[in-house]
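There are 2 protein chains.
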Amino acid sequence: MREKSFWGWGYQDAFPDDDGRRALGEMAKLLLGLESVELLPLPRIDAIELSEPRKRAPEGLPITSERTARISHTYGRAYGDLIRGFGGDFANAPDLVATPESEDQVRQILDWCDESGVAVVPYGGGTSVVRGVECPRDRADAVLSLDLAKLDRVLEIDRTSRLARIQAGATGPELEAALAQEGLTLRCYPQSFEHSTLGGWIATRAGGHFATLYTHVDDLVASTRTLTPRGTIETRLLPASGAGPSADRLILGSEGTLGVITEAWMRVRPRPLYKLSASVRFSELSAAVRAARELAQSGLHPSNCRLLDPAEAALNKVVEDGSSVLIVAFESDDHPLEAWMSRALEICEGAGGKHRGAKDRSQEGESWKAAFVQAPYLQTALVSLGILADTFETACTWSRFEELHAALGENVRRALVETGGGGTLTCRFTHVYPDGPAPYYTFVTKAERGGELAQWAAIKAAAADTLMAHGATITHHHAVGRTHRPWYEQEVPALYREILRSAKRVVDPQGLMNPGVLVEP
Amino acid sequence: MREKSFWGWGYQDAFPDDDGRRALGEMAKLLLGLESVELLPLPRIDAIELSEPRKRAPEGLPITSERTARISHTYGRAYGDLIRGFGGDFANAPDLVATPESEDQVRQILDWCDESGVAVVPYGGGTSVVRGVECPRDRADAVLSLDLAKLDRVLEIDRTSRLARIQAGATGPELEAALAQEGLTLRCYPQSFEHSTLGGWIATRAGGHFATLYTHVDDLVASTRTLTPRGTIETRLLPASGAGPSADRLILGSEGTLGVITEAWMRVRPRPLYKLSASVRFSELSAAVRAARELAQSGLHPSNCRLLDPAEAALNKVVEDGSSVLIVAFESDDHPLEAWMSRALEICEGAGGKHRGAKDRSQEGESWKAAFVQAPYLQTALVSLGILADTFETACTWSRFEELHAALGENVRRALVETGGGGTLTCRFTHVYPDGPAPYYTFVTKAERGGELAQWAAIKAAAADTLMAHGATITHHHAVGRTHRPWYEQEVPALYREILRSAKRVVDPQGLMNPGVLVEP
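Chains as they are written, first to last, in my numbering: chain R, 1 to 521; chain F, 522 to 1042.
1) Give me the Cα-Cα distance between R/Ala313 and R/Val319, rounded to the nearest whole angstrom.
2) Starting from R/Lys460, follow the beta strand (DSSP E) in both directions and report where the run begins and ends.
3) Would you list, in sequence order, the uninterrupted alpha helix (DSSP H) runs of no fewer than 4 residues that lie entirely inside the region 772-857 of chain F?
4) Tell me, please, which residues DSSP counts as bridged to F/Thr747.
5) For a test of the three-state rule: what should DSSP assign to F/Gly941, helix, strand or coil?
6) Return no unless some Cβ of chain R is closer than 9 Å to the Cβ of F/Leu669.
7) State whether the region 465-476 of chain R contacts the region 94-108 of chain R, with contact taken as three or more CB pairs (one from each stretch) at a distance under 8 Å.
8) Since R/Trp398 contacts R/Arg293 with CB under 8 Å, what's their CB separation in whole angstroms?
9) Can you tell me which of F/Val904, F/Arg970 and F/Met862 puts its alpha carbon nearest to the alpha carbon of F/Glu852?
10) The region 475-503 of chain R: which residues have C-beta closer than 9 Å to a C-beta of chain F, in chain order?
11) CB R/Gly481 to CB R/Val129, shorter than 9 Å?
12) Give the DSSP bridge partners of R/Arg428, in chain order.
13) Could you name the residues of the same chain whose beta carbon sits closer than 6 Å to that of F/Asp956, not counting the 5 residues immediately before and after it, in chain order?
14) If I measure Cβ to Cβ from F/Thr745 and keep anything under 7 Å in the same chain, skipping five residues before and after, which residues do I get?
15) Along chain R, in chain order, which residues have C-beta atoms closer than 7 Å to that of F/Ser853?
16) Within 10 angstroms of its Cβ, does R/Glu35 collect 16 or more other Cβ (buried), or is it exposed?
17) What are the boundary residues of the beta strand (DSSP E) that includes R/Val120?
18) Looking at the unbroken alpha helix (DSSP H) that takes in R/Asp19, where does it start and where does it end?
19) Is DSSP giving R/His484 helix, strand or coil here?
20) Is it a yes or a no for the region 198-216 of chain R touching the region 290-309 of chain R, going by three-plus beta-carbon pairs under 8 Å?
21) Would you identify the three-state DSSP class for R/Ser342, choosing helix, strand or coil?
22) So with CB distances below 8 Å, who are the chain R contacts of F/Tyr962?
23) In the DSSP assignment, what are the bridge partners of R/Thr197?
24) From R/Glu156 to R/Ala78, what does the alpha carbon distance come to, in whole angstroms?
25) Considering only residues of the same chain and omitting the five flanking positions on each side of R/Glu402, which have a CB-CB separation below 8 Å?
26) Suppose the cutoff is 8 Å on Cβ atoms and the five residues either side in sequence are ignored; what does the same chain contact list for F/Gly646 look like?
27) Using a 10 Å radius around the Cβ and a threshold of 16 neighbouring Cβ atoms, would you call F/Gly765 buried or exposed?
28) Taking only runs of the alpha helix (DSSP H) that begin and end inside the region 55-103 of chain R, which ones reach a length of at least 4 residues, in chain order?
29) Report the neighbours of R/Asp111 on chain F: residues whose CB is nearer than 7 Å to its CB, in chain order.
30) Within this structure, are the beta carbons of R/Gly421 and R/Thr445 separated by less than 9 Å?
31) From R/Tyr433, R/Ala296 and R/Ser116, pick the residue whose C-alpha is nearest to that of R/Gln510; which is it?
32) What residues in the region 239-261 of chain R have a beta carbon less than 8 Å from any beta carbon of chain F?
33) Report all residues from its chain with a CB closer than 7 Å to the CB of F/Thr706; omit the five preceding and five following residues, and keep chain order.
34) Count the C-beta pairs between the region 875-891 of chain F and the region 351-362 of chain R that are closer than 8 Å, then say yes if the count reaches three, no if not.
35) At what residues does the beta strand (DSSP E) containing R/Glu524 begin and finish?
36) In or out: R/Asp104 buried (at least 16 other Cβ within 10 Å) or exposed?
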């Protein structure tokens, strides 16, 4: 078993050694125009001071108050989490950590928490970037982190209907390995894929692999099963229904505030037999945006339609000539894709794009994929060099994008200069819809040693306030958690938030499920 | 202005004269093997006895207690509605009918009802087939039917983002006419299209034009605006968001129980430039089902993929040789469709289908379309001949379809024999998904004069109980209303229904919005 980092992204052995850090530091110096980059001392797990657990683990349940378990369940993997973890601050550690091996045990643990007034934080892969799995010690007499890791199996497959019943704690690689044995795949690849879990994806409405059509995990969910403090909500397995408001759509995005998702029937498919990919360069970003819009509106439904602005393309080593790039891909388990790709490239050419034709796998697409998976590891390594790197993402209508993008450029860059003396802001589209894109921004600057959290908060506020002012969403697929709540409350109608609160009171009258996330109890 | 029938479907002038009724009677005799069919006397509006309104219309608001308005707002257009209307039974007439001309007036009317304890039944086209717009006189001291007909405009178009802001009272033809002026279309064609409204479609999760992808109106909704007794819920106009559970998805399917939808931003598109259609015959229904499934799972996304069983094909004059028929169509405003259709026909051939190639418009497709729009008119005419004709619809996984279909055949036919001495039951698929079809059944039998409602209830129960026993849904797109509630309560988790009730208490604490529909207050 590869060990996970107690403070940073993913596997511990993926963290660079000092030579690797120095090389990365040189790149950061170039990128940010810095004179020097320091290798900061790494945190040691044995130096962490933990308070005593405020509640004893009960007998006969898989609950522990063991130190390492508490430390590793303290934080998600937001920038602020990395900073606090790197600094050895684990004051928010849960009092208890549970690792149920069955749904029955989940029920017993929930019942015990309900009787004992212990708050419950459902925990999948621990990859939240919005403080969604952070333990709110101030909100309850004791907090238990409920780790679903052992509910990791594919329980049942209905091949005719292309459905699989999967436990919520299965990580991306775990569930894909089990499905692959049957020649099937879910094809939901959030950036956190390596560590995050099906239940986490559903709870947070994760963004997946496909740039069009099946953009969120929402579209792949056929039914869900959720244990709440007051009973179970299991929806009927149906391809579609019109019987009242959809119950699954309340579970999707509930972020652990209503209960614990234990399993779901998911729409799976055979592995693709046909793939075509092309990358198209544009000398102007606006031309690339136009091509992305026309593709999104074409009805061709590309599996990938990822726009990279010039800086993003360079940063990820896709192209480095100042072009914007549109990576277009199609995949199918049923039919060759020449007609689809040919029309897609025609659209791109019409918008002024240049390309070298389509291939089974384009080099640019592969470069992109490698960079995509490595990005969270890179962020962690940069923290250890005193570099602040983070992302935010949104969605807006096509007609609002240009002004939004300009305003973000102005306001976020100003915040980067004011707090870090400079920095970079890059943009890509992760998903595109007929009515608008989902832009995704990455910013990098020099961290203010000791003041990282305040610095980050200032930049984040500049970004989020701009999103709100321009009619965009605070999150397309990163979720709300605790971080996005102030803007979530601007975005979502007050009366609807009252409805969510009333829903919570029905299933969680004591307000013990993930308190502080999404809505107040 | 063409006048609408006060008891039957649609326009009064579309009701056949006695010669037309006799011709229809001859067909019904043949179909059902009857010795005679009687032309029943038609109801006269001046013979209807109405009770006095229990509440006086207030001054200064567009509210009336006029007799014709009350009669025409008494019922939807379910079979039982036709029977009661045909029999001159308007005991359930609303006390008052409101026809606001602006959203401000909707607000004033809701406020007056809230102060006065008057129940409100939102009314679009009045085409509900599940008693969704029936006025529940026993549930309140007085009932007001709130007719949105005058909120019928397209208010705003964002051409770049392919979005249109449309008022909820616009009927299908009204909104399509306004969009057509800009070369755009919504392409949402429920069978009720001629009379039903956008608000009604959203409130009931109507099924639309497309057999795949955009099957429900849900998929075309970008944001909604709903007036409730306790305030307005207006969602942000976004192509997509991951910020908590979707508010629009609570409004979709709320069936007037939470408030009155006044307008929505809808996803529109240019009118299609390319169309290809083909009809494929299969000697066995099971082979046609297999072809439909493989098409649904192919990723080709046909705009039409409508399976007709042999009796349905014959009844609608599509083919009459005992074949099952699959009507397959593609449409696009962007690209020619030969590659799509060619692969679709290959799939059909692989399942044993025979066809004569694809055309811009296939004759079978056109026959089907004509029959589709006329069907509700036909049902009304049949009522006047003492023939019971009705439909029910569902969705289930592919792996459950065969057994469900066999059980429906057995149980519904038994009910037809027991209550009508025989009859026909036919099946088609209206929509198909990768994980299952949406089968739609039509049954026809001789009505038991004077006992039609009980007869119908026995047949309906046989069908609905079978749906529940086989893991299907009580409705794919006809909604729940008052009719489907007993089975809805079996289908949907009890705890989720508690959540809906709590949602209703937040926005409608007096329980005045469409009482009796969906959930209890």
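Glycine included, C-beta positions come from ideal geometry on N, C-alpha and C.
Checking against the coordinates, here is how it stands:
1) Rounded to whole angstroms, the separation of the alpha carbons of R/Val319 and R/Ala313 is 5 Å.
2) No beta strand (DSSP E) holds R/Lys460; the alpha helix (DSSP H) holding it covers Glu452 to Ala469.
3) 806-817 and 831-836
4) According to the DSSP secondary-structure assignment, F/Thr747 is paired through a beta bridge with F/Ile754 and F/Ile782.
5) helix
6) no
7) In short, these stretches do not touch, since the Cβ pair count stays below three.
8) With a Cβ gap of about 5 Å, R/Trp398 and R/Arg293 count as contacting.
9) F/Met862
10) Going along the region 475-503 of chain R in chain order, one finds Thr475, His476, His477, His478, Ala479, Val480, His484, Trp487, Tyr488, Glu491, Val492, Pro493, Ala494, Leu495, Tyr496, Arg497, Glu498, Ile499, Leu500, Arg501, Ser502 and Ala503 with a Cβ nearer than 9 Å to chain F.
11) yes
12) R/Leu308 and R/Tyr440
13) Thr918
14) Contacts found: Ile723, Thr756, Asp769, Ile772, Ile782 and Ala785.
15) Listed along chain R, the residues sitting closer than 7 Å to F/Ser853 by beta-carbon distance are Gly299.
16) exposed
17) Val118 to Tyr123
18) Asp18 to Leu32
19) Residue state, collapsed to three classes: coil.
20) They touch, by the three-pair rule.
21) helix
22) Residues of chain R passing the Cβ test: none, with the nearest at roughly 16 Å.
23) R/Thr171
24) 34 Å
25) Ser286 and Val289
26) Its chain contains Thr692, Ser713, His716, Ser717, Thr718 and Gly721 as the residues whose beta carbon lies nearer than 8 Å to that of F/Gly646, once the 5 sequence neighbours on both sides are disregarded; these appear in chain order.
27) So F/Gly765 counts as buried.
28) 67-72 and 79-86
29) Chain F residues near R/Asp111: none, gap ~16 Å exceeds 7 Å.
30) yes
31) R/Ser116
32) Pro239, Ala240, Ser241, Gly242, Ala243, Gly244, Pro245, Ser246, Ala247, Arg249, Leu250, Ile251, Leu252, Gly253, Ser254 and Glu255
33) Glu697, Leu700, Val789, Arg790 and Arg792
34) no
35) With chain R represented from 1 up to 521, any question about residue 524 of chain R goes unanswered, as that position is not in the structure.
36) R/Asp104 counts as exposed, since fewer than 16 other beta carbons sit within 10 angstroms of its beta carbon.
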